[in-house]
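Have a look at the structure below before the remarks.
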Amino acid sequence: MPNYVKADQFFYPFGIRRGGYLELVDGKFGKHVDQIPEGAEVLDYTGYSIAPGLVDTHIHGYAGVDVMDNNIEGTLHTMSEGLLSTGVTSFLPTTLTATYEQLLAVTENLGNHYKEATGAKIRGIYYEGPYFTETFKGAQNPTYMRDPGVEEFHSWQDAAKGMLNKIAIAPERDGVEDFVRTITGEGVTVALGHSDATFEQAKKAVDAGASVWVHAYNGMRGLTHRELGMVGAMYELPHTYAELICDGYHVDPKACEILLKQKGTENIALITDCMTAGGLEDGDYMLGEFPVVVANGTARLKST
68 MPNYVKADQF FYPFGIRRGG YLELVDGKFG KHVDQIPEGA EVLDYTGYSI
118 APGLVDTHIH GYAGVDVMDN NIEGTLHTMS EGLLSTGVTS FLPTTLTATY
168 EQLLAVTENL GNHYKEATGA KIRGIYYEGP YFTETFKGAQ NPTYMRDPGV
218 EEFHSWQDAA KGMLNKIAIA PERDGVEDFV RTITGEGVTV ALGHSDATFE
268 QAKKAVDAGA SVWVHAYNGM RGLTHRELGM VGAMYELPHT YAELICDGYH
318 VDPKACEILL KQKGTENIAL ITDCMTAGGL EDGDYMLGEF PVVVANGTAR
368 LKST
């Protein structure tokens, strides 16, 4: 006999069911029902809402942990358990632009130990960089930015035990199209961002297999009447997905509405792009090599 969960409301992809019960079959969510069999076991969560676990596909740190610190105990326990307490059940630890050696060390550690996560599960590794350009560098260190290399990527992938499943690059770098064709053919997702690319440069990368736009609007060339840029490409090119930080600070709410109209909800992935200060009080923190100040819940580089 299935078990049942009682709660105030249940979130479904296209609506909310209020009251009633959620069926649990072999540990998985089943149907929503108004009545249950007599004698059925009920988990009573009156006063709570029930929703599917969240997946954070772009996150650099949480609860004092930074992925780039290569503190594997922190990532596997402090970070993953902290995320689980917020409703996140899976995540992609996300790196920053750094030296080959730094990225190799972080990747190797995650590749060897990701199965040991005690909270939210690690479903892959996301490289945000190092193949970016400086104009829209954001919190990425331009010292380490360079053109993409398949051989270099493969060495990281070997260290990751095949868990390096997403990388963000700038479309205007030399060799991008061949790089994208090669690694997307191997099952890796390529995202585009931290870029001053033209519409045509972005389109060539998408035609080669890139499919994601890194934190929409942030860190990319905007749209004008003479050059559509990265934002125009994001709006126009089909079969692509836009990451979006929808916190009311990174992107104006009206710009979020426009993106929703252009892409549709099915082609937008809400992300946190969270850093080590997540879940902590306002104050001074580090994001990779850069000092950050958090005030009123908003994080900014100290230099800006």
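First residue of the sequence shown: 68, per this note's numbering; consecutive thereafter. Ideal Cβ placement from N, Cα and C applies to all residues, glycine included.
In the DSSP assignment, no residue is bridged to Thr-249.
By the C-beta density criterion, Leu-259 is buried, having at least 16 other C-beta atoms within 10 angstroms.
When the Cα atoms are used, Asp-314 and Leu-337 turn out to be separated by approximately 10 Å. Under the three-state reduction of DSSP, His-306 is assigned to coil, being neither helix nor strand. The residue from Gly-299, Val-134, Val-109 and His-99 with its alpha-carbon nearest to that of Met-342 is Val-134.
Asn-179 sits in a helix when the DSSP states are folded into three classes. Distance check between Gln-169 and each of Arg-288, Ile-325, Tyr-211 and Val-132 places Tyr-211 closest, using alpha-carbon atoms only.
Here Gly-149 has Tyr-129, Ala-130 and Gly-346 as same chain residues with Cβ atoms under 6 Å from its own Cβ, once five neighbours each way along the sequence are excluded. If you look at Ile-335, you'll find it in the beta strand (DSSP E) that goes 335–337. When secondary structure is reduced to three states using DSSP, Ser-278 falls in the coil class, being assigned neither helix nor strand. Taking a cut-off of 8 Å for Cβ pairs, the region 174–187 and the region 216–229 touch, as three or more such pairs fall below it.
With contacts defined by Cβ atoms closer than 9 Å, Pro-209 and Phe-220 do not form a contacting pair. The shortest CA-to-CA distance from Thr-265 to any of Thr-156, Arg-240, Glu-195 and Gly-120 is the one to Arg-240. DSSP places His-144 in the helix class (H, G or I) of the three-state scheme. Under the 10 Å beta carbon count, Phe-246 is surrounded by 16 or more other beta carbons and is classified as buried.
Within the same chain, Cβ atoms closer than 7 Å to the Cβ of Phe-357 are found at Ala-206 and Leu-368, the five residues on either side in sequence being excluded. Annotated three-state conformation of Tyr-198 is coil, per DSSP.
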